[in-house]
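K.L.:
Pasting in a structure now, in C-alpha cells, and then I'll have a few things to ask.
Shown next, in the form of C-alpha cells:
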C-alpha cells in the first residue's frame, strides 16, 4: 500500500497550524482507506462456474465457514449470492449481488453477476461500479459467446481482467491452447501465474510460477471445506512422491517451454488491460482458489479516478460523491423495502449526511445506510471510495442518479440498452389491481424491464420490453411471490423498437407512413417510439420517412 507524505504546516496556507493538521489527518485517513479497497465483479458464460467461484472466494476469505451449492440440493446450502427464490429454483444467477468482507487487511466488495445473456443489462450496469474483473472460463470449452461480449465491455471501460481457468478437474483443453485462445480470440496478452499439474481425474494441483512451488490438493466432500494442500519445490521428495512419472514429466516439460518463451509478469500491462494474469484450478473442489485470491489482491488496482465531462474526480477529492447502479426491492421479505446500491467514488460517506440528489435537484438526508452481504445487511456509519453501500427508504432514487456534497459533480456511468423481446402483461384478477400495479411500478424502477403504451389504444395494458424473454419470467414470478399478484403474459408480434425525435407533435405522428404491422407507442418518459415486426420493416420506414431520424435509444429522458 502507498506511503503518505509527512505533514508540513505550509500544506494549507489559508489555515492555522492546528486546522492544517486536522485537514491533513482527514486526507491521510481517506487515502489509507482507499488503498485497502478492492472492488471487483466476477463474469462468465452461464455454467462456467462463476457463482461457485464466488462462494469459494467467500470460504477462503473467511466470510463463510461452509460453502454452498448452486443447485441447492437436499441437505445442502444455497449459495450466499443467489438469494432470490427463483434463483434457488432455477440454479442460475438472475440478479447481481453485492458481498462485502474483510481479508488480509483489505476490504473487498465482490459483485456476483448473472451469466445468462437475457440478464446482461444488469451485468453491464454492475461493470460500471467495479475497478477490476475476474473472468471465469470453463477449461473444457474455452471462450464462449457471453464471455466474449462481457470482455469487450470491460475492454471499452479499461477495466483490468484476471482470468480463472475453471474445471481443470474435468477433461480440459490443452493449457497452451487455452492461452493461445485468449490471445487470438480476445486479443489480450496472457501470462500464466500458475500451471495445472495433470487434468481431469488426474488433476492434482498447480505450480506457482511466482514462488516455484507445487501446490498439491486433496479433495473434500462436496467441496464444502478448504482443500488440504501439500506445498513444496519440484525436487521435494514429499511432493514428488504424490505424482506419477507421466504427470510429473509432462508438467516439467510444459514449465520449461513457458520459461523459454521468456515472458515476465508486467503489472503495468495488467492495469492497462493489455495483459491478463491466468490462474488454473477447480472452484468446485477448491483447487487453486487461495492462490487466485492472494494473487488478485497483490496485483488488482485500488479505486481510481472517474472522468466526468472531461474533468477527473479523484477518490481523494474531499467532496463525497457516488452513483446508483442498481435498485432492488424486497431483498428482505419481512420488510418489503427498496434498496439503492451506491458505488462511492470520492470523499467519505457518513450516515445521516445531507447530499445533493441529481434527479430531483434537492437535498436528501441519507439516514438508513447498510453494508451488504447477499440479502443480509447491517447498518454502516461510514464508507470510502470503492465501497458499495445500500440506501433504504428513498422512492425518488433512480438508476444512474448521482449523490454528492458537490452539486457540480454529475456522473453519467449507466449504459442504456435496446429491448429485443416484447409481451403484453395482463392482470386477470381485478381484485388484485393495486398489488399488480404496485409490483409492476417497482420492477420498472429497478430496471428489470421497460414498459411501453400503445398510442390510440383503448386498452391500457402495458407492453413489456426486455433485452431477453427470461426477464418476463422473472417479472411474473416476482409479482406473484412478492406482491401476491398473478399475471398473464401474451406474446407481442414486434421484435424491434426505435425512438422518434422527442419533440414530434401529435400531427407529425399522424403523418408518418408506417409499414404493415408497425405500431406507434410511448415509453414511460412519454417519448414516442415505433414498434416493428422485423429489421426489414424498420429499414423500410427509414426509406419512406427520410426526414424522420430513428434512434435505438431515447435521445432525451422525458418529453414535457
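Residue numbers (my numbering): 84 to 643.
Ideal placement from N, C-alpha and C gives every residue a C-beta, glycine not left out.
What runs of the alpha helix (DSSP H), each 4 residues or longer, lie entirely inside the region 223 to 305?
P.N.:
Fully enclosed alpha helix (DSSP H) runs of 4 or longer: 228 to 240, 258 to 268.
K.L.:
Note down, one range per segment and in chain order, each alpha helix (DSSP H) of at least 4 residues found wholly within the region 550 to 580.
P.N.:
With a minimum length of 4 residues, the continuous alpha helix (DSSP H) runs that stay inside the region 550 to 580 are 553 to 566.
K.L.:
My guess is that residue 536 and residue 605 are in contact by the Cβ rule of under 8 Å, so how many angstroms apart are they, rounded?
P.N.:
Residue 536 to residue 605, Cβ: 5 Å. Contact.
K.L.:
Counting Cβ pairs, one atom from each stretch, are 3 or more of them under 8 Å apart for the region 359 to 378 and the region 275 to 295?
P.N.:
Enough Cβ pairs lie closer than 8 Å, so yes.
K.L.:
Judging by CA-CA distance, which residue of 185, 118, 127, 132 is the nearest neighbour of residue 699?
P.N.:
Given that the chain is displayed from residue 84 to residue 643, the structure contains no residue 699 and the question cannot be resolved.
K.L.:
Which of helix, strand or coil does DSSP assign to residue 487?
P.N.:
Of the three classes helix, strand and coil, the one that applies to residue 487 here is strand, per DSSP.
K.L.:
Using only CA atoms, which one of 330, 283, 327, 320 lies nearest to residue 370?
P.N.:
The candidate whose alpha carbon is nearest that of residue 370 is 283.
K.L.:
Residues in the same chain with beta-carbon distance under 6 Å from residue 420, minus the five sequence neighbours each way, listed in chain order, please.
P.N.:
Cβ neighbours of residue 420 beyond the five flanking positions: 475.
K.L.:
Going by other Cβ atoms of all chains shown within 10 Å of its Cβ, with 16 needed for buried, is residue 133 buried or exposed?
P.N.:
By the 10 Å Cβ count, residue 133 comes out buried.
K.L.:
Skipping 5 residues on each side, what residues in its chain have a beta carbon closer than 6 Å to that of residue 522?
P.N.:
Excluding sequence neighbours, residue 522 sits near 562, 566, 568.
K.L.:
Quick one: any contact between the region 458 to 465 and the region 494 to 506, if contact means 3 or more CB pairs under 8 Å?
P.N.:
No, they do not touch.
K.L.:
According to DSSP, is residue 341 helix, strand or coil?
P.N.:
Residue 341 falls in the helix class under three-state DSSP.
K.L.:
By how many angstroms is the C-alpha of residue 618 removed from the C-alpha of residue 547?
P.N.:
Going from the Cα of residue 547 to the Cα of residue 618 covers about 19 Å.
K.L.:
Buried or exposed: which applies to residue 218, given that a residue is buried once 16 or more other Cβ atoms fall within 10 Å of its Cβ?
P.N.:
Buried, by the Cβ-count rule.
K.L.:
Restricting to Cα atoms, I'd like to know which of 252, 334, 310 is closest to residue 318.
P.N.:
Among 252, 334, 310, the Cα nearest to that of residue 318 is on 334.
K.L.:
What separation, rounded to the nearest whole angstrom, lies between the Cα atoms of residue 162 and residue 455?
P.N.:
Note on residue 162: pLDDT 47, under 50, position unreliable in the model; no value is reported.
K.L.:
If we count Cβ pairs, one from each stretch, closer than 8 Å, do we get three or more for the region 420 to 436 versus the region 400 to 412?
P.N.:
The region 420 to 436 is in contact with the region 400 to 412.
K.L.:
Within the same chain, show all residues whose beta-carbon is closer than 7 Å to that of residue 143, passing over the 5 residues directly before and after it, in chain order.
P.N.:
Hits under 7 Å: 309, 372, 373, 376.
K.L.:
What would DSSP say about residue 113, mapped onto helix, strand or coil?
P.N.:
Residue 113: helix per DSSP, three-state reduction.
K.L.:
Using C-beta distances below 6 Å, list every residue in its chain close to residue 404, excluding the 5 sequence neighbours before and after it, in chain order.
P.N.:
Result list for residue 404: 428, 429, 487, 492, in chain order.
K.L.:
Note down the Cα distance separating residue 153 from residue 413, rounded to an integer number of angstroms.
P.N.:
Confidence is the limiting factor: at residue 153 the pLDDT is only 33, short of 50, which leaves the residue's position unreliable and the question unanswerable from this model.
K.L.:
How about residue 329: is its C-beta nearer than 7 Å to some C-beta of chain D?
P.N.:
Chain labels in this structure do not include chain D; a single protein chain is all it has.
K.L.:
When you compare only the Cα positions, how much space is there between residue 276 and residue 349?
P.N.:
Cα to Cα, the separation comes out at about 11 Å.
K.L.:
Is the number of C-beta pairs between the region 189 to 196 and the region 209 to 223 that are closer than 8 Å three or more?
P.N.:
Yes, the region 189 to 196 touches the region 209 to 223.
K.L.:
Return helix, strand or coil for residue 630, following the three-state DSSP convention.
P.N.:
Three-state DSSP puts residue 630 in coil, outside helix and strand.
K.L.:
With respect to the alpha helix (DSSP H) encompassing residue 142, which residues constitute its N-terminal and C-terminal limits?
P.N.:
Its alpha helix (DSSP H) spans residues 133 to 143.
K.L.:
By DSSP, does residue 507 sit in helix, in strand, or in coil?
P.N.:
Residue 507 falls in the strand class under three-state DSSP.
K.L.:
Out of 513, 627, 124, 182, which has the shortest C-alpha to C-alpha gap to residue 460?
P.N.:
Answer by Cα proximity: 182.
K.L.:
Does the Cβ of residue 297 have 16 or more other Cβ atoms within 10 Å, making it buried, or fewer, making it exposed?
P.N.:
Buried.
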